[in-house]
Amino acid sequence: MSILIDKNTRVVVQGITGRDGGFHSTKMGEYGTKIVAGTSPGKGGERTPSGVPVYNTVADAVINEGANTSIIFVPAPFVRDAIMEAADAGVSLIVCITEGVPTLDVIEARRFAQTKGVHLIGPNCPGLISPGKSLVGIMPGNIFKEGSTAVISRSGTLTYEVVYNLTMSGIGQSTAIGVGGDPVVGLYYIELLKMFQDDPDTDSIVLIGEIGGDAEEQAAKYIKENITKPVVAFIAGQTAPADKRMGHAGAIISSGSGTAAEKRTAFINAGVPIANEPSEIVGYLGKGCGP
Amino acid sequence: MSILIDKNTRVVVQGITGRDGGFHSTKMGEYGTKIVAGTSPGKGGERTPSGVPVYNTVADAVINEGANTSIIFVPAPFVRDAIMEAADAGVSLIVCITEGVPTLDVIEARRFAQTKGVHLIGPNCPGLISPGKSLVGIMPGNIFKEGSTAVISRSGTLTYEVVYNLTMSGIGQSTAIGVGGDPVVGLYYIELLKMFQDDPDTDSIVLIGEIGGDAEEQAAKYIKENITKPVVAFIAGQTAPADKRMGHAGAIISSGSGTAAEKRTAFINAGVPIANEPSEIVGYLGKGCGP
Amino acid sequence: MKIHEYQAKDLFNEYGIPTAKGFVCRDTASSLAAFREMGSSAVVIKAQVHTGGRGKAGGVKLAKTQQEVETYSSQILGMDIKGLTVDRVMVAEAVNIASEYYISLVVDRNTKSVVLIMSREGGMDIEEVAAKSPEKIHRVVIDPFIGIPDFLARKAAWMLFDIVEIVKQAAPIIQKMYRLFREKDASLLEINPLIVTKEGRVMAIDGKMNFDDNALYRQPAIESLFEPSAEEKKEQDAKSKGFSFVHLGGKIGCMVNGAGLAMATMDMIKLYGGEPANFLDIGGSSNPDKVIEAMKLLLSDKEVNVVLINIFGGITRCDDVAKGLLKAFTQIETPIPIVIRLTGTNEREGRLMLEGSTFHNAGSMSEAISMAVKLSNN
Amino acid sequence: MKIHEYQAKDLFNEYGIPTAKGFVCRDTASSLAAFREMGSSAVVIKAQVHTGGRGKAGGVKLAKTQQEVETYSSQILGMDIKGLTVDRVMVAEAVNIASEYYISLVVDRNTKSVVLIMSREGGMDIEEVAAKSPEKIHRVVIDPFIGIPDFLARKAAWMLFDIVEIVKQAAPIIQKMYRLFREKDASLLEINPLIVTKEGRVMAIDGKMNFDDNALYRQPAIESLFEPSAEEKKEQDAKSKGFSFVHLGGKIGCMVNGAGLAMATMDMIKLYGGEPANFLDIGGSSNPDKVIEAMKLLLSDKEVNVVLINIFGGITRCDDVAKGLLKAFTQIETPIPIVIRLTGTNEREGRLMLEGSTFHNAGSMSEAISMAVKLSNN
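In order, the protein sequences belong to chains A, B, C and D. Take 0 as the starting number for the first sequence in numbering that gives the first Met the number 0 and just add one per residue. Take 0 as the starting number for the second sequence in numbering that gives the first Met the number 0 and just add one per residue. Take 0 as the starting number for the third sequence in numbering that gives the first Met the number 0 and just add one per residue. Take 0 as the starting number for the fourth sequence in numbering that gives the first Met the number 0 and just add one per residue.
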């Protein structure tokens, strides 16, 4: 089992005729993801080099190909509209890869998706993968391995680093999700922790946080109260200076809050072990960590 | 029993310091309705001559007086905001008496109320009454009588005419509702028919329609498929000319549709008897009408 | 409230909705001048009247020469279409139409929303299309808080068109239509036909707009476009006095409180073999001044031979109503018989007060109507 | 992106949010001229710097005479506040403050909304108020599709004020704040204090605005207000090359692909006893030109004595990355030791290719960091 995506996931790629959209559609397809359609206004009726049918609208892709998940690669100025289009068309999950999307656009698009009952992941995220079943994102599929450890992360390559360590140590993953590095994104720790708690095939959870905001603190509280499966946390940015954006728009210590120290304390108080380096995570999982 | 309002209804009057708001608050109070608060920005802390506390906002009335129903008497230009305020404040029913509200304002306010899960009746309606329990509106309470016949109507005085006939013949009412004469208003036939079907103390229903739109046709279809209690209908406006607004903004035959003849046919096809004059309704109810 | 096609066209232009060039002309000389000014090889001369079916009535003509412009213009100006006299025409550039479409925005009672209605069967009577081939009509319900985002405009445009270049023109037109509709409190905005020219341009060829009367208070620019007919003037005049009035043409003048009861009264007059002269809702209270004004209105109709006053006394009790009526009629002198029927709160007291007056008093609505019909038909 | 108080004030004025009269001055003469021009009995001279705590640093002074204006203005101009040199002041009319309030709009990560934050404890450090007496902070979450309708603006205003005249002034100010926030893609709009004057007028006395960097492409007017510091210029320059760069001051220059991994690298350097010189995320691909540019950036920092390259090869495989690095370093000459750690897809192939080069190759992140720290501390 897994959460959000599996063998039944049927993906429509918004912006499939763009460079990134085209490249990663192929990669996802090679991984085994069912890429059933792409959209590109005006190219409806065409097919991509790998034979994926292109539609003018997401609605057409949903109606004609039964797409139930969308992945978005359109440029930042068009993301708000693309998310709303997908949500309106009736997919159940939208994964937005694009980075640099204005925050107020994300706020509107996410709210719209919410009113339609549609899950949003991202923007500015690497997507998600249920190893062996489906990859909806830009992650390197080959570093993942089927298993029962969940990974939730605000970061891309740091996730790969962690997952690579896991896989090398024989620890497979149920689903690994990059929630995105922007201050406002879709699904976050608490919603995902809840899903993983309910997922019978997940038996431990790795949470990779970073500076900025207090989502980790909230997650820690939630874990203490609601999660019975073992959790290990890692927090990036302990040496980050205040008021500087560390790559991710969301990774910033502002007005003295959002520091790594606060987050570490919160997890420790919740009984969640903290790894000091990515490679330590494997050890904690092996030991049967958790509250 | 009754629908929507009863002994537990606690009313806040929006615009209580206005002429109509003040007058009808007193009338409703005299009938036995629990008028627990009024609003009038800037007059918070005062009391009306009859001792009803006045608040600056509906939210204050809900918090301090447990108001669960609002009745609106504010002038038309402020109705949109007043409905939204009440819906946001957490009442469960809003009754808007004001007439002359711009249609696009009603569309917005009703949609807002809907997203908050709040029922709206009106605007441009006489309100509703559950005889012997609560009157939230401008109806003359004394012509009503407690009983088990429901009345749903697009009109004011025509309802009174019908109800007066019922009451004089010893037929009491469970709840009587004027849904409002505008093209776009809140609760309408189908929602109310459903509530009355589910109300154990309603055992027959009088539906008073008029020209304009096709709500009666839809109601007829709904009755045929879902309502097991006897229904009698009356349709006003058989002699109305096309393209003329007959008092109510919603009572207009446009592009040849919305005629009384079509509506009568729909009810007859649904097995619902049609009264030719208001006084005939009593006869049909007596006979145990219905599909 | 309705406006003329050329006025709708002005609004379209204001909002950036492309239209064919055109001028409104009140005489043949102006039509000729417009034709010359336009420098187009052909123009369409269209009657400007507040009704549909102009084409069938001969109110729309294609002219290619000065002679034709003169002939058709003078034919159409002064023409009678459904009882309305044409006092102006629009002289519009004739464009090369490749295909025609229907598109409109309308307030929809059922979804309680503004709805976008579209069809590839443009230039036709849309009700006919809807009746014959409902599958050819597309409807998009608009959430008032969302409006028409780009994706929705594109999605709608794809319902009408198959070519991306056309969709790219049409999608912003749809968004502009909605902005115009909202900002001006319209109740209908119809473009029929919306066309694609042979050159591939999307354009509104005939436009129609109606507006929400309830919103005119905040739309002074729109209200200033209102040109009431004689009958509408009378209705408007009644409205300013707090009445709702519609002339019907029969002999029994009706004065009723409440629109529904007024309609039921008309209906019963007909049912009983009479002819209602009007619909008149005098609203809530029954103060003497209001009754006097209403009587004046009824008696100004020379066809009226009986007046029926049907009042339900609710919040205002019947005895108060009776008092008001008696007071009012001290100031009204008319040989026309007056039938009065009072029901509701304190009905008996009210009726007692009217006894001994010259009124024909009725005990029930049925009785009142039979009396009025009998008096009228004698 | 941050702007100065006086620039925020200009935006407030543009949106009709009342502010005290004021002028921005770059020298004492202008301050004096502003004082005279104002004709006010007192002015406040305020340092314009992109940081908080001006008051505590002596950057805000009340002046009542020309002498005082001259003294304070020359004191403040040139002053150093938290490392920033004051090169301009705002000379603003001193108003009769009756009471002070806090109000702001901010993007809230948790509710994923814009949130209106208010407190009757105005003029204070709001974080302090929030920590000490959270019940004194009011929060209103704004639905992006609804905005702030009149009722909500009034409801919010009643949270701050008890008098209807003040509420009637404050409610539209709240709506204007939101309009400004939205239309200009702000991430913070703070008025602290919002005041009521002794004459009963509501007014913004100190304003602060930050903007969403991601939205600057559509806010050219806001972008033009940007005045980067020397350090910010370097960061911006890096950004234009597709990097994300932050100077930290240590000795180990880091080049990493991915922000999270770059932060983790910095953290581990510290954990292992070293000092990271910078945060540098070079993003996805590893083409040689990018590596060359990144190396230039690192080597421009004269403190750097080791460079650590930490790359996770994902979609771009490690052998391709290795190829790119080797190619890049044919063009880079530096005596500084380079530690490289490559992990991920085709890791072995990549590492094999780097063998025999002058790079210090590490097998794991821990090893790479120990190597870099050792080299740096020697």
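Beta carbons are placed, not taken as given, at the ideal position from N, Cα and C, and that holds for glycine.
Using the C-alpha atoms, what's the distance from residue 204(A) back to residue 290(A)? Reliability of the predicted coordinates at residue 290(A) is poor, the pLDDT of 35 falling under 50, and no value is obtained from them.
If you reduce the DSSP assignment to three classes, tell me which class residue 11(D) lands in. Residue 11(D) carries a helical assignment under DSSP once its states are collapsed to helix, strand and coil.
Please report the straight-line C-alpha distance between residue 451(C) and residue 208(C), rounded to a whole angstrom. Coverage of chain C is limited to positions 0 through 377, which leaves residue 451(C) absent and any answer about it impossible.
Shortest alpha-carbon distance to residue 124(B) belongs to which of 177(B), 156(B) and 74(B)? Residue 177(B) is the option with its Cα nearest to residue 124(B).
For the beta strand (DSSP E) containing residue 78(D), list its first residue and its last residue. Careful: residue 78(D) lies outside any beta strand (DSSP E) and carries neither H nor E.
So which of 128(B), 63(B) and 114(B) has the shortest CA-CA distance to residue 94(B)? Residue 94(B) has its Cα closest to that of 128(B), out of 128(B), 63(B) and 114(B).
Can you give me the C-alpha to C-alpha distance between residue 292(C) and residue 59(B), rounded to a whole angstrom? Just so you know, the alpha carbons of residue 292(C) and residue 59(B) end up roughly 45 Å apart.
Could you give the DSSP three-state label for residue 7(A): helix, strand or coil? Note: residue 7(A) maps to coil in three-state DSSP.
Measuring straight from C-alpha to C-alpha, what distance separates residue 148(D) and residue 128(C)? Inter-residue distance for residue 148(D) and residue 128(C) is about 41 Å (C-alpha atoms, whole angstroms).
Let's test the definition: count the other Cβ atoms within 10 Å of the Cβ of residue 242(A) and tell me whether it reaches 16, buried, or not, exposed. It is exposed - the Cβ of residue 242(A) has fewer than 16 other Cβ atoms within 10 Å.
For a contact meaning CB atoms closer than 7 Å, what does residue 191(A) contact in chain D? Going along chain D, no residue has its Cβ under 7 Å from residue 191(A), so there is no contact; the nearest lies around 15 Å.
Take residue 363(C) and list the residues in its own chain whose beta-carbon comes closer than 8 Å to its own, dropping the five residues that flank it on each side. Close CB contacts of residue 363(C) within its chain, under the 8 Å cut and outside five residues either way in sequence, are with 340 and 342 (chain order).
Stretch-stretch touch, CB-based, cutoff 8 Å, three pairs: the segment 54-66 of chain C with the segment 7-25 of chain C: The segment 54-66 of chain C, when compared against the segment 7-25 of chain C, does not touch it at the 8 Å Cβ threshold.
Near residue 111(A), what residues of its chain come up, given a Cβ to Cβ distance below 6 Å and the 5 sequence neighbours on each side ignored? In its chain, beyond the 5 residues on either side, 83 and 86 have a beta carbon closer than 6 Å to the beta carbon of residue 111(A).
C-alpha distance - residue 199(A) paired with residue 5(A), whole-angstrom precision: Straight-line Cα distance between these residues: approximately 14 Å.
Just to confirm my understanding: we take residue 196(B), look at its own chain, exclude 5 residues before and 5 after, and list those with CB closer than 8 Å. What are they? Answer for residue 196(B): 225, 226, 227 and 228, listed in chain order.
Quick check on the DSSP output: the alpha helix (DSSP H) that includes residue 317(C) runs from which residue to which? From DSSP, the alpha helix (DSSP H) with residue 317(C) extends over 317-328.
For residue 30(B), collect the residues of the same chain with a Cβ closer than 7 Å to its Cβ; drop the 5 residues on either side in sequence, then sort them by chain order. Result list for residue 30(B): 134 and 140, in chain order.
Taking the Cβ atom as the reference point for each residue, do residue 262(C) and residue 279(C) lie within a distance shorter than 8 Å? Going by C-beta atoms, residue 262(C) is not nearer than 8 Å to residue 279(C).
Span separating the alpha-carbon of residue 212(D) from that of residue 151(D): Residue 212(D) and residue 151(D) have their C-alpha atoms roughly 29 Å apart.
Please list, in chain order, the residues of the segment 108-120 of chain B that have any C-beta partner in chain C closer than 7 Å. Against chain C - using a Cβ distance shorter than 7 Å - the residues of the segment 108-120 of chain B are 109 and 110.
Where residue 61(D) falls, given that 16 or more other Cβ within 10 Å makes a residue buried: Here residue 61(D) is exposed, its C-beta having fewer than 16 other C-beta atoms within 10 Å.
Run through chain D and tell me which residues come within less than 8 Å of residue 163(A), C-beta to C-beta. Residues of chain D passing the Cβ test: 311, 342 and 343.
For residue 405(C): DSSP bridge partner residues: The shown model of chain C, from 0 to 377, leaves out residue 405(C), and the question about it has no answer.
Taking 8 Å as the cut-off, decide whether the C-beta atoms of residue 63(D) and residue 41(D) are in contact. Contact: yes.
Residue of 177(D), 202(D), 305(D) and 295(D) minimising C-alpha distance to residue 380(D): Absent from the structure is residue 380(D), since the part of chain D shown begins at 0 and ends at 377.
Where does the unbroken alpha helix (DSSP H) through residue 89(D) begin, and where does it stop? For residue 89(D), there is no enclosing alpha helix (DSSP H); the enclosing beta strand (DSSP E) covers residues 88-92.
Any contact of the segment 12-30 of chain B with the segment 67-82 of chain B, i.e. 3+ C-beta pairs under 8 Å? Yes, the segment 12-30 of chain B touches the segment 67-82 of chain B.
In three-state terms, what does DSSP make of residue 209(D)? Looking at residue 209(D) - three-state DSSP - the assignment turns out to be strand.
Interface flag, residue 159(B) vs chain C, CB-CB below 8 Å: Residue 159(B) counts as touching chain C.
Compare the C-beta of residue 314(D) against all C-beta atoms of chain A and say whether one is closer than 8 Å. At least one chain A Cβ lies under 8 Å of residue 314(D).
Return the residues of the segment 150-163 of chain D that lie within a Cβ-Cβ distance of less than 9 Å from chain B, sorted by chain order. Answer in chain order: 150, 151, 153, 154, 157, 161, 162 and 163.
Host alpha helix (DSSP H) of residue 277(B) (start-end): Unbroken run through residue 277(B): none, as it is neither H nor E.
Starting from residue 166(D), trace the alpha helix (DSSP H) in both directions and tell me its first and last residue. DSSP places residue 166(D) inside the alpha helix (DSSP H), whose first and last residues are 163-182.
At a CB-CB cut-off below 7 Å, which residues of chain D make contact with residue 55(B)? Against chain D, a Cβ distance below 7 Å from residue 55(B) picks out 157.
Using a Cβ-Cβ cut-off of 8 Å, state whether residue 143(C) counts as contacting chain A. So no, residue 143(C) is outside the interface.
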